[in-house]
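*Asks:*
Protein chains: 2
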Amino acid sequence: MKTAAYGVQNATTPVAPMSIDRREPGPHDVLIDIAYCGICHSDIHQARNEWGGGSLYPMVPGHEIVGRVNKVGTHVTKFKLGQLVGVGCMVDACRHCEECHAGEEQYCDNTVFTYNAKDPKHGGLTFGGYSERITVDEHFVLSVPENLDTKAVAPLLCAGITLYSPLRHWDVQPGQKVGIIGLGGLGHMGVKLAAAMGAHVVMITTSASKAADATRLGAHEVLISKDADDMAKHAASFDLIIDTVPVAHDLNPYIGLLKRDKTIVLVGPLDPLEVHGANLITKRRQVAGSLIGGIAETQEMLDFCGKHNIVSDVEMICAADINEAYARMLKSDVKYRFVIDIASLKS
Amino acid sequence: MKTAAYGVQNATTPVAPMSIDRREPGPHDVLIDIAYCGICHSDIHQARNEWGGGSLYPMVPGHEIVGRVNKVGTHVTKFKLGQLVGVGCMVDACRHCEECHAGEEQYCDNTVFTYNAKDPKHGGLTFGGYSERITVDEHFVLSVPENLDTKAVAPLLCAGITLYSPLRHWDVQPGQKVGIIGLGGLGHMGVKLAAAMGAHVVMITTSASKAADATRLGAHEVLISKDADDMAKHAASFDLIIDTVPVAHDLNPYIGLLKRDKTIVLVGPLDPLEVHGANLITKRRQVAGSLIGGIAETQEMLDFCGKHNIVSDVEMICAADINEAYARMLKSDVKYRFVIDIASLKS
Numbered sequence: 025m026k027t028a029a030y031g032v033q034n035a036t037t038p039v040a041p042m043s044i045d046r047r048e049p050g051p052h053d054v055l056i057d058i059a060y061c062g063i064c065h066s067d068i069h070q071a072r073n074e075w076g077g078g079s080l081y082p083m084v085p086g087h088e089i090v091g092r093v094n095k096v097g098t099h100v101t102k103f104k105l106g107q108l109v110g111v112g113c114m115v116d117a118c119r120h121c122e123e124c125h126a127g128e129e130q131y132c133d134n135t136v137f138t139y140n141a142k143d144p145k146h147g148g149l150t151f152g153g154y155s156e157r158i159t160v161d162e163h164f165v166l167s168v169p170e171n172l173d174t175k176a177v178a179p180l181l182c183a184g185i186t187l188y189s190p191l192r193h194w195d196v197q198p199g200q201k202v203g204i205i206g207l208g209g210l211g212h213m214g215v216k217l218a219a220a221m222g223a224h225v226v227m228i229t230t231s232a233s234k235a236a237d238a239t240r241l242g243a244h245e246v247l248i249s250k251d252a253d254d255m256a257k258h259a260a261s262f263d264l265i266i267d268t269v270p271v272a273h274d275l276n277p278y279i280g281l282l283k284r285d286k287t288i289v290l291v292g293p294l295d296p297l298e299v300h301g302a303n304l305i306t307k308r309r310q311v312a313g314s315l316i317g318g319i320a321e322t323q324e325m326l327d328f329c330g331k332h333n334i335v336s337d338v339e340m341i342c343a344a345d346i347n348e349a350y351a352r353m354l355k356s357d358v359k360y361r362f363v364i365d366i367a368s369l370k371s
Numbered sequence: 025m026k027t028a029a030y031g032v033q034n035a036t037t038p039v040a041p042m043s044i045d046r047r048e049p050g051p052h053d054v055l056i057d058i059a060y061c062g063i064c065h066s067d068i069h070q071a072r073n074e075w076g077g078g079s080l081y082p083m084v085p086g087h088e089i090v091g092r093v094n095k096v097g098t099h100v101t102k103f104k105l106g107q108l109v110g111v112g113c114m115v116d117a118c119r120h121c122e123e124c125h126a127g128e129e130q131y132c133d134n135t136v137f138t139y140n141a142k143d144p145k146h147g148g149l150t151f152g153g154y155s156e157r158i159t160v161d162e163h164f165v166l167s168v169p170e171n172l173d174t175k176a177v178a179p180l181l182c183a184g185i186t187l188y189s190p191l192r193h194w195d196v197q198p199g200q201k202v203g204i205i206g207l208g209g210l211g212h213m214g215v216k217l218a219a220a221m222g223a224h225v226v227m228i229t230t231s232a233s234k235a236a237d238a239t240r241l242g243a244h245e246v247l248i249s250k251d252a253d254d255m256a257k258h259a260a261s262f263d264l265i266i267d268t269v270p271v272a273h274d275l276n277p278y279i280g281l282l283k284r285d286k287t288i289v290l291v292g293p294l295d296p297l298e299v300h301g302a303n304l305i306t307k308r309r310q311v312a313g314s315l316i317g318g319i320a321e322t323q324e325m326l327d328f329c330g331k332h333n334i335v336s337d338v339e340m341i342c343a344a345d346i347n348e349a350y351a352r353m354l355k356s357d358v359k360y361r362f363v364i365d366i367a368s369l370k371s
């Protein structure tokens, strides 16, 4: 069926209205009327082909999707008409590999991403959430708690799970000291989620101006990383640090904040980082990476957020303002996630 | 008591004979007549003050020490006269911190290293194993299995435990695929130990000329890291990789060899290494460091080596040849560890 959408025709065109084709739901599919879609930093990189030339056009970005079920396939068991649901970064995977069997579909070598991907089952390209509707296999559809502010749920599907997954995988316990580096779309979710898990949360930032907001979001302390004395005071004291900063930076002072056998997890960094082996060796520390989360874990995250009343801090925009939102995001001028009101796209 | 030794007077003098003072054994001490002492690459760095200017002179290097008990203090319970014993990189620690209580004395903030350290209990500096005798608290003395070739045991006390500890900490199981990067003093111990643990051992080297020797030492496969096709064939297939290469090199191709959730452990690298976050993020891989091993674990390693008849491949030298040995080590011209026959020092 024809569906209104916003997207780009190539790497240099602005985001603009377009029409795309969505498949009618097959036996295992759910057709969703999209209500809200968050804007992720990776949308900009992919729209502009900034990740090694792999972008596929035309492209409809968006992988932080919330909406209601419009239609279900004959074999769908998990969802019913009108149910509030979400879709994140993936719409399929091989379902047979070790990763898929472990519920870690995000690490499958054949993950089908929500947009900017070839669709091996249905042909053509996948198109994301800057659109009226989407059809997704029920395995990759999440149930969204009704008690949350729906529009502010959207960023949980990427930013939320990106922080929730490492906090769980590295088994954060109440009272443990957890550092979140960088207060942006990812970082502000990290503060909220780690605090709800009972951790002692330290926002680690270069910018003293962010202290008040970090505290409001749930941080118990703010560590200004430019302050050498403050950094020395916190040396070798953290149980886990999650680094959300996307641009190149010196990782070594942060590694020195970790206790023996503890880990700093990269969820943002894409530029190369220089690591001094001695910083790792002297306390058996670790630098790891983590990518979103599996489907079961994403559902667990949404249920956790429902229980603890956690959503993203969002700024709502109309679809016509996406290009302006991109420009503001590149200046870090958003608290903390733009969400597109998809109703604005239909009019 | 006056003890003959070999050491340096400052960063620029060659290794030469000197006389040092060893304390008479206190109630908990063991006086050891040293038979053999291995030469570690770190001896050269410390003798020449190449580690950030922290070297203390005069210096007697050597922390791969094997000998027999000459005298024990009144409260010593673990050792008796004539027993074959070893001393590694540490001769004391605070014994009260979390690390000491966990048997991880090597990560204590107040570890007293075997040489090039201030001795907080007895005053003065610690002097290492390039000497006739050494007096050490029994907690830091190891029992050496009598069935092994004694002179080739010496390098187990540093090179051996440096590889054994990460193999155990990351819980290598029979049949797992373990990579050892670099075939030198550390690497050749890694191959022997991992093979004895039942792992499928892959020697990863830039040099095809090392293949035969790696196989002789126990490697099941040799992966030439310059061969892009061979590297691609092994992508995402390793359960653990230990990197023993001390100089700067590109870590990223090796990270790509790891399965999801697996770790590359640095035991050699001291130069900064550039890490691409995406290589970690896409499979939740980890880069870690590891430093020698704790005392209980070192004893476990020696017992393991006794059981599996594992020693180092060594070249024996006289004390007068230490400077020449240093020169050869800097050209990687040793298979695989020099060991000083301490009898040559007394004459």
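Protein chains in written order, with the numbering used here: chain B, 25 to 371; chain V, 25 to 371.
Yeah, the Cβ is synthetic: ideal placement off N, Cα and C, and Gly gets one too.
Can you name the start and end residues of the beta strand (DSSP E) that V/Ala312 belongs to?
*Replies:* Along the second sequence, read from residue 1 onward, the residue named residue 312 of chain V stands at position 288. Taken as a continuous stretch (DSSP letters only), the beta strand (DSSP E) holding V/Ala312 covers Gln310 to Gly313.
*Asks:* Quick check on DSSP: helix, strand or coil for B/Gly211?
*Replies:* Start at 1 with the first residue of the first sequence, and residue 211 of chain B comes out as number 187. Helix.
*Asks:* Got a sec, what are the start and stop residues for the alpha helix (DSSP H) B/Met255 sits in?
*Replies:* By 1-based counting over the first sequence, the position of residue 255 of chain B is 231. Start and end: Ala252 to Lys257.
*Asks:* Just checking V/Val291 against the ligand SAH - is the residue's beta carbon closer than 7 angstroms to any of the ligand's heavy atoms?
*Replies:* Ligands are entirely absent from the displayed structure, and the ligand SAH is therefore not among its contents.
*Asks:* May I ask you to list, following chain order, the residues of the stretch 305-325 of chain B that have a beta carbon less than 7 angstroms from some beta carbon of chain V?
*Replies:* Ile305, Thr306, Lys307, Arg308, Arg309, Gln310, Val311, Ala312, Gly313, Ser314 and Leu315
*Asks:* May I ask you to list the residues that DSSP assigns as paired with V/Ala28?
*Replies:* The count along the second sequence starts at 1 and reaches residue 28 of chain V at position 4. In the DSSP secondary-structure assignment, V/Ala28 is bridged to V/Ser43.
*Asks:* Taking C-alpha atoms, which residue in B/His332, B/Ala320, B/Cys329 and B/Phe362 lies nearest to B/Ala126?
*Replies:* Here residue 126 of chain B refers to the residue found at position 102 of the first sequence. Taking only the C-alpha atoms, the option nearest B/Ala126 is B/Ala320.
*Asks:* Return the CA-CA distance between V/Ile185 and V/Gly208, expressed in angstroms with no decimal places.
*Replies:* By 1-based counting over the second sequence, the position of residue 185 of chain V is 161. By 1-based counting over the second sequence, the position of residue 208 of chain V is 184. Near 15 angstroms, if we compare the C-alpha coordinates of V/Gly208 and V/Ile185.
*Asks:* Whose Cβ in chain B lies nearer than 8 angstroms to the Cβ of V/Ala302?
*Replies:* By 1-based counting over the second sequence, the position of residue 302 of chain V is 278. Listed by position along chain B, the residues whose Cβ is nearer than 8 angstroms to that of V/Ala302 are Leu294 and Gly313.
*Asks:* Alpha carbons only, please: which of V/Ala218, V/Lys145, V/Thr159 and V/Phe151 is nearest the one belonging to V/Cys329?
*Replies:* Residue 329 of chain V sits at position 305 when you count from the first residue of the second sequence. The shortest Cα separation from V/Cys329 among V/Ala218, V/Lys145, V/Thr159 and V/Phe151 belongs to V/Ala218.
*Asks:* Have a look at the DSSP bridge pairing and note the partners of B/Lys201.
*Replies:* Locating residue 201 of chain B in the first sequence gives position 177, where the first residue counts as 1. Answer by DSSP bridge pairing, in chain order: B/His224.
*Asks:* Do we get a CB-CB distance below 8 angstroms when we pair V/Val350 with the residues of chain B?
*Replies:* Residue numbering aside, residue 350 of chain V sits at position 326 when the second sequence is read from its first letter. At residue 350 of chain V the sequence reads Tyr, which differs from the Val that was named. With a threshold of 8 angstroms between beta carbons, V/Tyr350 makes no contact with chain B.
*Asks:* By the three-class DSSP mapping on this structure, what secondary structure does V/His125 have?
*Replies:* Working through the second sequence from its first residue, we reach residue 125 of chain V at position 101. Note: V/His125 maps to helix in three-state DSSP.
*Asks:* Among the residues of its own chain, which have a CB less than 7 angstroms from the CB of B/Tyr139, if the five just before and after it don't count?
*Replies:* In the first sequence, counting from the first residue as 1, residue 139 of chain B sits at position 115. In its chain, beyond the 5 residues on either side, Met83, Val84, Pro85, Gly86, His87, Thr150, Phe151 and Gly152 have a beta carbon closer than 7 angstroms to the beta carbon of B/Tyr139.
*Asks:* Kindly confirm or deny that the stretch 188-203 of chain B and the stretch 342-354 of chain B touch, where touching means at least three C-beta pairs closer than 8 angstroms.
*Replies:* Under the Cβ criterion (8 angstroms, minimum of three pairs), the stretch 188-203 of chain B does not count as touching the stretch 342-354 of chain B.
*Asks:* If you check the beta carbons only, do B/Asp337 and B/Arg308 fall under 8 angstroms apart?
*Replies:* The residue labelled residue 337 of chain B in the question sits at position 313 within the first sequence. The residue labelled residue 308 of chain B in the question sits at position 284 within the first sequence. No; because the gap between Cβ atoms is not below 8 angstroms, this pair is not in contact.
*Asks:* For a contact meaning CB atoms closer than 9 angstroms, what does B/Arg284 contact in chain V?
*Replies:* As a first step, residue 284 of chain B must be located in the first sequence, where it is residue number 260. Near B/Arg284 (Cβ distances below 9 angstroms), the residues of chain V are Glu122, Glu123, Ala126, Glu128 and Tyr131.
*Asks:* Quick check: the Cα distance between B/Leu275 and V/Val160, rounded to an integer number of angstroms?
*Replies:* On the first sequence, residue 275 of chain B is found 251 positions in, with the first residue counted as 1. On the second sequence, residue 160 of chain V is found 136 positions in, with the first residue counted as 1. One C-alpha to the other measures close to 39 angstroms.
*Asks:* Under a CB-based cut-off of 8 angstroms, is B/Leu290 close to chain V?
*Replies:* As a working note, residue 290 of chain B is residue 266 in the first sequence. Yes, B/Leu290 lies at the interface with chain V (some Cβ there is under 8 angstroms from its Cβ).
*Asks:* Just mark B/Trp194 as buried or exposed, buried being the case when its beta carbon has 16 or more other beta carbons within 10 Å.
*Replies:* The residue labelled residue 194 of chain B in the question sits at position 170 within the first sequence. Under this definition B/Trp194 is a buried residue.
*Asks:* Let me check one thing: in DSSP terms, what residues is B/Met415 bridge-paired to?
*Replies:* Outside the displayed range of chain B (25 to 371) lies residue 415 of chain B, so it cannot be described from this structure.
*Asks:* So, with DSSP's three-state summary, where would you put V/Phe262?
*Replies:* The sequence position of residue 262 of chain V within the second sequence is 238, counting from 1. Note: V/Phe262 maps to strand in three-state DSSP.
*Asks:* Which residue wins for smallest C-alpha separation from B/Ala260, given the options B/Lys286, B/Ala183, B/Leu247 and B/Thr322?
*Replies:* Within the first sequence, the letter at position 236 stands for residue 260 of chain B. It is B/Lys286 whose Cα lies nearest to the Cα of B/Ala260.
*Asks:* Grab me the residues of V/Lys102's own chain with a C-beta within less than 6 angstroms of its C-beta, minus the 5 sequence neighbours each way, in chain order.
*Replies:* Within the second sequence, residue 102 of chain V is the residue found at index 78, counting from 1. Excluding residues within five positions, the ones whose Cβ falls inside 6 angstroms are Glu162.
*Asks:* Could you check what DSSP says for B/His193 in three-state terms: helix, strand or coil?
*Replies:* Locating residue 193 of chain B in the first sequence gives position 169, where the first residue counts as 1. B/His193 falls in the helix class under three-state DSSP.
*Asks:* For B/Lys234, name the three-state secondary structure that DSSP assigns.
*Replies:* For this step, residue 234 of chain B is matched to residue 210 along the first sequence. The answer is helix: DSSP assigns B/Lys234 an H, G or I state.
*Asks:* Please decide whether V/Leu241 counts as near chain B, where near means a Cβ-Cβ distance under 8 angstroms.
*Replies:* Counting from one through the second sequence, the residue named residue 241 of chain V turns up at place 217. No, its Cβ sits nowhere closer than 8 angstroms to a Cβ of chain B.
*Asks:* Is the shortest distance between the beta-carbon of V/Val299 and the beta-carbons of chain B less than 8 angstroms?
*Replies:* Mapped onto the second sequence, residue 299 of chain V falls at position 275. So, interface residue.
*Asks:* Would you decide whether V/Asp53 is buried or exposed? Buried here means 16 or more other CB atoms lie within 10 Å of its CB.
*Replies:* Here residue 53 of chain V corresponds to residue number 29 of the second sequence, with the count starting at 1. It counts as buried.
*Asks:* Check whether the stretch 105-115 of chain V touches the stretch 68-79 of chain V, taking contact to mean three or more Cβ pairs, one atom from each stretch, closer than 8 angstroms.
*Replies:* no
*Asks:* Among the candidates V/Gly313, V/Ser249 and V/Pro277, whose CA atom is the shortest distance from the CA of V/His300?
*Replies:* Position 276 of the second sequence, counted from the first residue, corresponds to residue 300 of chain V. Per the Cα distances, V/Pro277.
*Asks:* Please report the distance separating the alpha-carbon of B/Leu326 from that of B/Met114.
*Replies:* Position 302 of the first sequence, counted from the first residue, corresponds to residue 326 of chain B. Position 90 of the first sequence, counted from the first residue, corresponds to residue 114 of chain B. Spanning the two alpha carbons is a distance of roughly 16 angstroms.
*Asks:* Does the distance from the C-beta atom of V/Val335 to that of V/Tyr60 stay below 8 angstroms?
*Replies:* In the second sequence, the residue the question calls residue 335 of chain V occupies position 311. In the second sequence, the residue the question calls residue 60 of chain V occupies position 36. For V/Val335 and V/Tyr60, no; Cβs fall outside 8 angstroms.
*Asks:* Tell me where the alpha helix (DSSP H) around V/Gly301 begins and ends.
*Replies:* Reading the second sequence from its first residue, position 277 is the one you call residue 301 of chain V. In the DSSP assignment, V/Gly301 falls within the unbroken alpha helix (DSSP H) covering Gly301 to Ile305.
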